[in-house]
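Everything on this sheet refers to the single structure shown next.
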Amino acid sequence: MNIQHNISLKPYNTFGIDLPAKTFAPFATVEELAELLSAKNEQENLMVLGGGSNILLTQPFDGWVLQNSIPGIAIIKEDENYVWIRAGAGENWHGLVLHCIARNWGGVENLSLIPGCVGASPMQNIGAYGVEIKDVFESLEAWSLSDRNLVTFSISDCAFGYRESVFKRKLKNQFIITSVVFKLRKKPVFQTSYGAIQQELETMGISELSIKAISDAVIRIRQSKLPDPAVTGNAGSFFKNPEIELPHYLELKHSYPDLPGYPTKTDTTKVPAGWLIEKAGWKGYREGDAGVHSKQALVLVNYGKANGNEIYALSEKIVQSVKEKFGIVLEREVNIY
Ligand code: FAD
Ligand code: NAP
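Right, dumping it as structure tokens:
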């Protein structure tokens with residue numbers, strides 16, 4: 156066991172917040188995880204980390220930070236149409252996507268270049284360009300902190316929703332995901348209708364569609380719009396896109412004819428939070444080293460030395476301002492510690 160004390164978490168969160176953890180240890184197997192958990196007192200706080208790309212640290216972490224680095228990608232079964240693979244929770248998500256693309260296994264290409272690890276992907280049912288991991292999800296294994304054993308979760312057990320799962324709600328802080336099984340298509344079905352994919356494929360001069368071409372298009376769009384965490388600290392979209400009642404949407408649409416809206420399965424309308432924040436005047440705003448990205452207002456950034464409280468305070472001002480202007484209360488997507 157490689158247990159360290161009072162170390163900075165700066166290299167372990169993509170916002171680049173420099174705050175210490177009282178105790179820090181990586182684990183690469185379920186056995187190592189079990190050993191670390193038995194070394195920890197039950198009363199001590201616990202944070203499980205993957206790539207740290209969906210967290211904002213606002214105070215020193217007075218407890219144990221365990222970093223999941225369980226490796227491995229293996230085929231567990233296949234038939235004529237599908238292949239089922241198990242990936243260790245510590246595998247890099249984009250690495251897994253590239254692994255699938257190289258073998259022409261379809262289903263995750265629209266989820267290219269999302270930072271972080273496989274183990275965090277079910278936490279908020281990661282999604283982009285019209286695909287969510289629930290679309291390729293078969294099952295996962297997670298360590299139960301109360302029963303101290305591995306439990307298998309099926310898709311219905313996970314209660315996936317829009318950037319949601321049971322692990323963010325009812326079972327919050329009760330399980331550590333150790334591996335995930337995905338079901339991928341041997342005969343890929345292409346999804347290009349969402350966002351700017353089609354346009355990007357045309358710009359790239361693609362004549363024959365493939366999952367590699369879709370992945371490349373998604374990567375190009377993302378690189379052009381999103382800040383690279385290696386250069387500018389951020390955790391992607393800071394807020395979720397709100398889903399509002401239709402009469403509210405129609406009322407706003409009357410005042411703002413260019414307001415985009417997407418009908419959801421629950422008869423509400425999803426409104427892009429980035430549009431609301433931009434219209435409220437925040438795009439490109441900067442206060443000290445905390446700011447709102449100039450190309451996508453949904454992304455809050457750390458230009459260098461901002462601390463977590465400054466970024467949180469900026470997010471609070473944005474919430475208030477959007478509420479006053481549009482009567483919509485934005486919900487944070489990033490996990491605050
Ligand atoms: P972490 O930040 O390490 O953890 C996130 C949360 O999950 C924490 O609460 C942590 O305790 C918990 N957790 C992590 N691993 C485990 C585990 N094994 N078991 C139990 N709990 C665990 N997200 C999207 O959905 N779509 C996008 O398109 C997208 N684009 C992004 C672009 C950028 C530039 C950035 C910086 C982020 C983006 N994100 C996106 C957000 C983020 O990358 C994803 O949510 C990702 O899945 C987080 O993975 P992680 O390993 O970094 O999680
Ligand atoms: P975009 O294409 O500019 O679109 C803005 C928003 O409108 C998106 O958030 C998307 O919602 C919604 N949208 C666009 N076309 C839609 C359609 N056909 N049907 C339903 N909703 C539609 O968005 P972007 O900022 O460049 O991001 C592109 C994709 O990457 C999005 O799916 C976004 O969620 C994802 N992304 C996520 C993060 C994160 O941290 N969570 C960060 C960057 C990008 P949805 O968000 O619901 O898809």
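The sequence shown begins at 156 in the numbering used here and counts up by one. C-beta atoms are modelled at their ideal positions from N, C-alpha and C, and glycine is treated no differently.
Residue i versus residue j - alpha carbon distance
{"i": "Ala-183", "j": "Ser-224", "result": "5 angstroms"}
{"i": "Ile-158", "j": "Gly-443", "result": "35 angstroms"}
{"i": "Gly-271", "j": "Glu-287", "result": "15 angstroms"}
{"i": "Leu-204", "j": "Ile-332", "result": "11 angstroms"}
{"i": "His-409", "j": "Trp-430", "result": "16 angstroms"}
{"i": "Met-359", "j": "Leu-326", "result": "44 angstroms"}
{"i": "Ala-242", "j": "Ile-231", "result": "10 angstroms"}
{"i": "Lys-289", "j": "Phe-315", "result": "7 angstroms"}
{"i": "Gly-416", "j": "His-403", "result": "11 angstroms"}
{"i": "Asn-259", "j": "Asn-464", "result": "44 angstroms"}
{"i": "Lys-165", "j": "Ile-352", "result": "34 angstroms"}
{"i": "Ile-483", "j": "Glu-233", "result": "46 angstroms"}
{"i": "Glu-187", "j": "Ser-193", "result": "10 angstroms"}
{"i": "Glu-319", "j": "Asn-280", "result": "6 angstroms"}
{"i": "Leu-453", "j": "Arg-487", "result": "10 angstroms"}
{"i": "Ala-275", "j": "Thr-347", "result": "25 angstroms"}
{"i": "Leu-469", "j": "Pro-215", "result": "20 angstroms"}
{"i": "Glu-363", "j": "Ala-372", "result": "13 angstroms"}
{"i": "Asp-312", "j": "Asn-328", "result": "16 angstroms"}
{"i": "Thr-421", "j": "Pro-226", "result": "38 angstroms"}
Per DSSP, the bridge partner or partners of residue i
{"i": "Glu-287", "result": "Gly-282"}
{"i": "Trp-298", "result": "Leu-305 and Ile-331"}
{"i": "Lys-232", "result": "Trp-239"}
{"i": "Phe-345", "result": "Answer is none; Phe-345 lacks a bridge partner."}
{"i": "Val-203", "result": "Leu-221"}
{"i": "Ile-399", "result": "Thr-424"}
{"i": "Leu-211", "result": "Ile-491"}
{"i": "Asn-457", "result": "Gly-388 and Ala-445"}
{"i": "Glu-319", "result": "Gly-316"}
{"i": "Thr-178", "result": "His-160 and Trp-219"}
{"i": "Lys-338", "result": "Trp-239"}
{"i": "Pro-415", "result": "The partner list for Pro-415 (beta bridge, DSSP) is empty, contrary to what the question assumes."}
{"i": "Asn-247", "result": "Cys-272"}
{"i": "Phe-394", "result": "Arg-487"}
Which listed residue (the options) has its alpha carbon closest to that of residue i
{"i": "Tyr-284", "options": "Asn-265, Asp-290, Leu-295 and Val-291", "result": "Asn-265"}
{"i": "Glu-400", "options": "Leu-381, Ala-428, Ser-410 and Thr-424", "result": "Thr-424"}
{"i": "Lys-480", "options": "Ile-310, Leu-407 and Ile-369", "result": "Leu-407"}
{"i": "Ser-309", "options": "Lys-327, Pro-277, Leu-300 and Ile-281", "result": "Pro-277"}
{"i": "Ser-267", "options": "Ile-240, Ser-311, Ile-369 and Leu-192", "result": "Ile-369"}
{"i": "Leu-485", "options": "Ala-461, Val-426 and Pro-412", "result": "Val-426"}
{"i": "Cys-255", "options": "Asn-389, Glu-197, Pro-418 and Ile-366", "result": "Ile-366"}
{"i": "Glu-197", "options": "Arg-303, Ala-244, Arg-241 and Val-263", "result": "Arg-303"}
{"i": "Asp-217", "options": "His-160, Ala-372, His-403 and Leu-300", "result": "His-160"}
{"i": "Asn-168", "options": "Gly-206, Ala-176 and Glu-190", "result": "Gly-206"}
{"i": "Glu-355", "options": "Trp-239, Lys-341 and Ile-374", "result": "Ile-374"}
{"i": "Ala-257", "options": "Lys-341, Ser-301, Leu-201 and Val-306", "result": "Lys-341"}
{"i": "Thr-419", "options": "Tyr-317, Gly-171 and Asn-280", "result": "Tyr-317"}
{"i": "Thr-387", "options": "Leu-191, Ala-275, Gly-459 and Ile-172", "result": "Gly-459"}
{"i": "Glu-190", "options": "Asp-422, Leu-300 and Val-477", "result": "Leu-300"}
{"i": "Trp-248", "options": "Cys-313, Asn-236 and Val-263", "result": "Val-263"}
{"i": "Gly-350", "options": "Asn-328, Arg-324, Gly-282 and Ser-362", "result": "Gly-282"}
{"i": "Ile-432", "options": "Leu-455, Thr-421 and Asp-422", "result": "Leu-455"}
{"i": "Pro-175", "options": "Gly-436, Met-202 and Met-156", "result": "Met-202"}
C-beta atoms of residue i and residue j nearer than 8 angstroms
{"i": "Pro-576", "j": "Ser-208", "result": "This structure leaves residue 576 out entirely; the chain is present only between 156 and 492."}
{"i": "Gly-261", "j": "Pro-343", "result": "yes"}
{"i": "Asn-389", "j": "Asn-490", "result": "no"}
{"i": "Phe-322", "j": "Trp-298", "result": "no"}
{"i": "Glu-246", "j": "Ile-269", "result": "no"}
{"i": "Tyr-411", "j": "Lys-434", "result": "yes"}
{"i": "Ile-162", "j": "Asn-462", "result": "no"}
{"i": "Val-185", "j": "Leu-305", "result": "yes"}
{"i": "Tyr-440", "j": "Thr-213", "result": "no"}
{"i": "Leu-567", "j": "Tyr-237", "result": "Nothing in the structure corresponds to residue 567, since the chain is present only between 156 and 492."}
Interface flag, residue i vs chain C, CB-CB below 8 angstroms
{"i": "Trp-239", "result": "The question asks about chain C, but that chain is absent: this structure has only one protein chain."}
So, does the stretch 385-404 touch the stretch 470-486, judging by three or more C-beta pairs under 8 angstroms? yes
Touching or not, the stretch 334-349 and the stretch 290-307, by the rule of three or more beta carbon pairs under 8 angstroms? yes
Are at least three pairs of beta-carbons, each pair with one atom in the stretch 374-382 and one in the stretch 447-460, less than 8 angstroms apart? Yes, the stretch 374-382 touches the stretch 447-460.
Could you tell me whether the stretch 207-222 touches the stretch 163-182, using the rule of 3 or more Cβ pairs below 8 angstroms? Yes: at least three Cβ pairs fall under 8 angstroms.
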